[in-house]
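Just so you know, we're using the UniProt record's numbering here: the sequence shown kicks off at 1 and counts up by one.
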Amino acid sequence: MKALKEYTIQFVGLKEGEHNFDFNIDNTFFQNFEYDEFNEVDVKINLKLIKKTTLLELYFSASGHVNVNCDLTNEPYNQVVEDEFKLVVKFGAEYNDDNEDILIVPHGEYEINIAQYIYELIVLAVPAKRVHPGVEDGTLKSEILSKLEELSPKEDSKTKSSEDIDPRWNNLKKLLTEK
Numbered sequence: 001m002k003a004l005k006e007y008t009i010q011f012v013g014l015k016e017g018e019h020n021f022d023f024n025i026d027n028t029f030f031q032n033f034e035y036d037e038f039n040e041v042d043v044k045i046n047l048k049l050i051k052k053t054t055l056l057e058l059y060f061s062a063s064g065h066v067n068v069n070c071d072l073t074n075e076p077y078n079q080v081v082e083d084e085f086k087l088v089v090k091f092g093a094e095y096n097d098d099n100e101d102i103l104i105v106p107h108g109e110y111e112i113n114i115a116q117y118i119y120e121l122i123v124l125a126v127p128a129k130r131v132h133p134g135v136e137d138g139t140l141k142s143e144i145l146s147k148l149e150e151l152s153p154k155e156d157s158k159t160k161s162s163e164d165i166d167p168r169w170n171n172l173k174k175l176l177t178e179k
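See below:
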């Protein structure tokens, strides 16, 4: 993880108040985590660090896009990534990151590595089900979509009308309306 050294922020030399840091995230960042779900990454991270006497407040803001493959058609497309995350860094006896919003670092610590938080922010900003925008609006034409359409179950012309329903159900429906 020495390649992620640029994501280490030394907060000891900083004055109290607000400090801004900008990071450009690309494929090499995710190669360090051995994460290969993205074809291409172009995300800008803006970090606002507010240093106070007893704690640090970190406000992460991510914007950009990742190129992923559609889960239905396997066609690559650019998925927009917009997300924010707040982290509070407190000082304590020992390192503790059990709470996702609060990080406790030992009192003698002078720097913090934020690479893991950037990684999680971007990965969690991508939807679990990735669908190409052309599939949703019907403009994408591909072999896979036509095959899915061909194999999808067709509506049965013998739809059940209210006459085909068992009359016992009608009696039960009356119980619901007789309140």
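Beta carbons: idealized from backbone N, C-alpha and C, even for Gly.
Counting along the chain, Ile-104 sits inside no alpha helix (DSSP H); it lies in the beta strand (DSSP E) bounded by residues 102-106.
Judged by beta-carbon spacing, Arg-130 lies within the 8 Å limit of Asp-71, meaning their Cβ atoms are closer than that value. With fewer than 16 other beta carbons inside 10 angstroms of its own, Leu-175 counts as exposed. Looking from the CA of Val-135, the closest CA among Glu-75, Ile-9, Glu-100 belongs to Glu-75.
Below 8 Å, too few C-beta pairs join the segment 81-90 and the segment 30-39 to call them touching: fewer than three.
In the DSSP secondary-structure assignment, Tyr-59 is bridged to Lys-48, Lys-86.
In the three-state reduction of the DSSP assignment, Ile-122 falls in the helix class.
Around Glu-94, the same chain offers Ile-104, Pro-106 as residues with beta carbons nearer than 8 Å, after the five sequence neighbours per side are excluded. Under DSSP, Asp-22 shares a beta bridge with Asn-46. The straight-line gap separating the alpha-carbon atoms of Lys-48 and Asp-137 is approximately 37 Å. Burial check for Ile-45: the Cβ neighbour count within 10 Å reaches 16 or more, so the residue is buried.
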